[in-house]
Structure formats: structure tokens, C-alpha cells
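A.B. asks: Quick one: the structure is below, questions incoming.
Protein chains: 2
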Amino acid sequence: MLDFNTAQTPTDALLATFPRHASGVSVITCSDASGNPVGFTATSMTSLGANPPLIMFSVARGASSWEAISQADYVGIHTLGAGNLELAKRMAADHTKRFEGDDWRSGPNGVPVFDCATSVLVAKVQQVINVADNAIVIAQVELGAVGAEDAALLYHQRGYHSPGSAL
Amino acid sequence: MLDFNTAQTPTDALLATFPRHASGVSVITCSDASGNPVGFTATSMTSLGANPPLIMFSVARGASSWEAISQADYVGIHTLGAGNLELAKRMAADHTKRFEGDDWRSGPNGVPVFDCATSVLVAKVQQVINVADNAIVIAQVELGAVGAEDAALLYHQRGYHSPGSAL
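Protein chains in written order, with the working numbering: chain A, 30 to 196; chain B, 30 to 196.
So, in C-alpha cells, the structure goes:
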């Protein structure tokens, strides 16, 4: 029987649990008020129904991307494959270097697009809900493009993986 | 360069994209107003900061679990491993048979607990946000227990997987 550890803080309980969970990896982008590209690697992106087609993700309100995301009309949602490992790492590292390469362009509605992603959705921000130090962003899909076929990229136990064979 | 398909409906764009994404699998439980166990398999569960320790997930407001979840004070969040494949399938199938076995018990705050899970968090519901036909539930972790070590369970391309080796 599982032993609920009442001596543990709730924060420690959460931190002990989440290494057991795996997440899909995506890259979220937008333009800031000056038209500069902004973006980050997210492990919280999920769909919120297909009709209307909504997606959601969370962002820390202390993150470098927060101000731009909170003001954005449109966001780009990139699903990543195993071949996008370098992109996933770059978009989670020094925010001043994320768009230094020539692997992105300004796409529909000014959303920065990485054409190497396995797919991209362009979605209109509908709600930004502040929750403690984070925010949940809900956006409605307007356009999409599917890219190269590749194994999905996962984040699990502080590392990147792709799915193993079917169970 | 990715080709944004303007002839495609936004719903079709979302549906074409999400097979490229993988998700961690969890089981969410609660008690209904009569004290009966209710629960479902979720692929949307994610943390929303560790301090305070919050989790969130989405649920369809047409789902069998919705009424109970919308009224619950506490929810149980179970991360699953490869060894929980049968549980994941059962909690996504006929809702009248999900608690027929003897593999669950009433845990802290009346939350149904599956001891076979790789971890369980007991969390107090803080906000339920309706968005179109779905809802986002935000809950604050109060207690946790870590179970058997196992490979994480993923959902990807209509099937279950565990992570492959690190990239």
C-alpha cells in the first residue's frame, strides 16, 4: 500500500512525483511589441478540444518570454521530433540566442516559424489566466502545417527521449 | 518550408498535428456527492509550479466524470507506469466498470487511491475554469506517495508506449 508521507512538504511531494511523469515537448513562439521573435520550450502544451480547436500551455510569469506572450495576439505551437533535439535545448537555454540561427522565419500573423518542426499551428490567444507565479494561455487554432515525419520528442527525468515500441 | 494549408479547417489542422505529439498518462480520481469513486485516464495533466505546488488537467464537460469532478473538494492524481497499462485502458473505457476490482481504496480526504500507480498526489481543487465544452481544473497538492519504480506510460498515435533510451 502506498505510504502517504505526512512529514513531507507538499512541494517536496510534487517534486518527488513528477520524475515519474513524461511530457511531450513543444516550442511556443510569438512576436513581441517591437516585432522581435520570442519563444520557449514547453512541456505543458495540450489540446483542449477539437471543436472549437483549442490548445493550452502554461508559462512562468518570471520567464523571459512572459511579457511578450502575455501581450501576443497570436502564438505558434511547434510539435517537435527526435531530430529537433538541438532546437528544444536551444529554446530552453539563453533567451538572447534562441533566434540567432537562420532556421526560422516570420510566418502567418507574424508568428515566428521553425520549418524543421514536425508540425506548426498558428493560434489566436483567447485567454491568459494568471495562477500564482504562472499563467495558463488558451489559444484557438486558425492554421496548421505538418512537417517531416519523425519520432515524437519527450522530456522525462531531466532528459530527452522518443517513445519506445508500442506496449 | 512548411506549407500552411489554408484550405484545411482549423479543426482538421489540429487533428493533423496532434499525432506528432506525445503525452504522459495519468489517472484522476475523486468521490462523487454520494461517496462513490469516480475517475478517468487523462493525457493533459501537468504541474503548474512547485511553490505553491499546483497541478492542472482538463476534462470534457460531457464526460461521465465531469459532474463529480466539478463538485469535488479533493482529487487524486496518479502517475502511471508501463505496468499500469491495464489500469490506463480500464479508466478510459466503460465508466461503470472502472472501480469493479479490488485494486483501489478510499485514501486521504476520501480520494480513491490505486496503490499500483507509480505515484499519487492528493490535491485540493482551487479553480475550475470552463472553456467551450471542456474545463481546466487547478488543484493544490497537499500529500503525496511514491510507488513502484517503472518506466513512465505515454500515449502517442492512439497507442501506449514507454520512453525509449535517452537522446
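By construction, the Cβ of each residue, glycine as well, lies at the ideal position given by its N, Cα and C atoms.
How is the beta strand (DSSP E) around B/Lys153 delimited, first residue to last?
C.D. replies: Where B/Lys153 is concerned, the enclosing beta strand (DSSP E) stretches over 148-160.
A.B. asks: Drop a sphere of 10 angstroms on the beta-carbon of B/Gly105, count the other beta-carbons inside from all chains shown, and report buried for 16 or more, exposed for fewer.
C.D. replies: B/Gly105 is buried by the Cβ-count criterion.
A.B. asks: Which stretch, first to last residue, makes up the beta strand (DSSP E) that contains B/Thr58?
C.D. replies: B/Thr58 -> beta strand (DSSP E) spans 55-60.
A.B. asks: Against chain B, does A/Asp41 count as a neighbour if the rule is that its beta carbon must be under 9 Å from one of theirs?
C.D. replies: For A/Asp41, the answer is yes, since a Cβ of chain B falls inside 9 Å of its Cβ.
A.B. asks: Is the beta carbon of A/Pro141 closer than 9 Å to that of A/Pro66?
C.D. replies: Contact: yes.
A.B. asks: Under 9 Å between C-beta atoms, does B/Phe69 make it to chain A?
C.D. replies: No, its Cβ sits nowhere closer than 9 Å to a Cβ of chain A.
A.B. asks: With distances taken from CA atoms, which of B/Ile98, B/Ala195, B/His185 is nearest A/Ala195?
C.D. replies: Of the candidates B/Ile98, B/Ala195, B/His185, the one whose C-alpha sits nearest the C-alpha of A/Ala195 is B/His185.
A.B. asks: May I ask you to report which of helix, strand or coil DSSP gives A/Ser191?
C.D. replies: Residue state, collapsed to three classes: strand.
A.B. asks: Taking C-beta pairs closer than 9 Å, name the residues in chain A that B/Ile165 reaches, listed in chain order.
C.D. replies: Here the neighbours are Leu77, Met85, Ile158, Ile165, Ile167.
A.B. asks: What distance in whole Å lies between the Cβ atoms of B/His124 and B/Val56, which are believed to be in contact at a cut-off of 8 Å?
C.D. replies: 13 Å between Cβ atoms; not a contact.
A.B. asks: Under 9 Å between the Cβ atoms of A/Ala51 and A/His190?
C.D. replies: Yes, the Cβ-Cβ distance between A/Ala51 and A/His190 is below 9 Å.
A.B. asks: Report the rounded CA-to-CA distance for A/Arg90 versus B/Leu109, giving the unit in angstroms.
C.D. replies: Using only the alpha carbons, I get a separation of about 29 Å.
A.B. asks: For the alpha helix (DSSP H) that B/Arg119 lies in, which residues bound it at each end?
C.D. replies: Where B/Arg119 is concerned, the enclosing alpha helix (DSSP H) stretches over 114-119.
A.B. asks: In the DSSP output, which residue or residues are listed as bridge partners for B/Val166?
C.D. replies: According to DSSP, B/Val166 bridges with B/Phe86, B/Val157.
A.B. asks: Express the C-alpha separation of A/Ser99 and B/Ala122 in angstroms, rounding to a whole number.
C.D. replies: Approximately 38 Å, taken between the alpha carbons.
A.B. asks: In the structure shown, what three-state DSSP assignment does A/Ser99 receive?
C.D. replies: Note: A/Ser99 maps to helix in three-state DSSP.
A.B. asks: Could you tell me whether the Cβ of A/Asp179 comes closer than 9 Å to any Cβ of chain B?
C.D. replies: Yes - at least one Cβ of chain B is within 9 Å of the one on A/Asp179.
A.B. asks: What does a CB cutoff of less than 8 Å around A/Ala177 pick up in its chain, not counting 5 residues either side in sequence?
C.D. replies: Once the five neighbours on either side are set aside, the close Cβ partners of A/Ala177 are Gly110, Gly112, Cys145, Thr147.
A.B. asks: Which same chain residues, not among the five before or five after A/Ala150, have their C-beta less than 6 Å away from its C-beta?
C.D. replies: It should be noted that the sequence gives Leu, not Ala, for residue 150 of chain A. Contacts found: Ile106, Val170, Gly173.
A.B. asks: Using a Cβ-Cβ cut-off of 8 Å (strictly less than) and excluding sequence neighbours within five positions of B/Leu77, which residues of its own chain qualify?
C.D. replies: Same-chain partners within the cutoff: Leu83, Ile84, Met85, Ile167.
A.B. asks: Using a Cβ-Cβ distance under 9 Å, would A/Val154 count as near chain B?
C.D. replies: Not closer than 9 Å to any Cβ of chain B, the Cβ of A/Val154 fails to qualify, so no.
A.B. asks: Compare the C-beta of B/Val56 against all C-beta atoms of chain A and say whether one is closer than 9 Å.
C.D. replies: By this cut-off, B/Val56 is not an interface position.
A.B. asks: Looking only at C-alpha atoms, which of B/Pro39, B/Val157, B/Thr46 sits nearest to A/Ala181?
C.D. replies: Measuring from the Cα of A/Ala181, the nearest candidate turns out to be B/Thr46.
A.B. asks: Mind checking who A/Gly110 pairs with in its DSSP beta bridge?
C.D. replies: Paired residue(s): A/Ala181.
A.B. asks: With A/Ser87 and A/Ala36 assumed to form a contact (beta carbons below 8 Å), what rounded beta-carbon distance in angstroms separates them?
C.D. replies: With 8 Å as the limit, A/Ser87 and A/Ala36 do not qualify as a contact, their Cβ atoms being about 29 Å apart.
A.B. asks: Between which residues of its own chain and B/Phe128 is the CB-CB distance below 6 Å, once the five residues before and five after are set aside?
C.D. replies: Closer than 6 Å at the Cβ level, and outside the excluded window around B/Phe128, lie Pro66.
A.B. asks: Indicate the three-state DSSP secondary structure (helix, strand or coil) for B/Thr35 in the structure shown.
C.D. replies: Coil, per DSSP.
A.B. asks: Run through chain B and tell me which residues come within less than 8 Å of A/Asn138, C-beta to C-beta.
C.D. replies: Per Cβ cutoff of 8 Å: no residues; A/Asn138 is ~10 Å from chain B at best.
A.B. asks: Listing by chain order, which chain A residues have their CB less than 9 Å from the CB of B/Glu171?
C.D. replies: In chain order: Pro39, Ala42.
A.B. asks: Is it buried or exposed, B/Ser73, if we count other Cβ atoms within 10 angstroms and call 16 or more buried?
C.D. replies: B/Ser73 comes out buried.
A.B. asks: With 16 other CB atoms within 10 Å as the buried threshold, where does A/Gly136 fall?
C.D. replies: By the neighbour-count rule (16 or more Cβ atoms within 10 Å), A/Gly136 is buried.
A.B. asks: Give, in chain order, every residue of the region 103-126 of chain A whose Cβ lies closer than 9 Å to some Cβ of chain B.
C.D. replies: Residues Ile106, Thr108, Leu109, Gly110, Ala111, Leu114.
A.B. asks: Measure from the alpha carbon of A/Ala101 to the alpha carbon of each residue in A/Asn138, A/Met120, A/Lys126, then state which is nearest.
C.D. replies: Answer by Cα proximity: A/Asn138.
A.B. asks: Kindly identify the DSSP beta-bridge partner or partners of B/Leu68.
C.D. replies: The question names Leu, yet the displayed sequence has Gly at residue 68 of chain B. B/Thr58.
A.B. asks: Distance, Cα to Cα, A/Leu31 vs A/Lys126?
C.D. replies: If you take the alpha carbons of A/Leu31 and A/Lys126, they lie about 45 Å apart.
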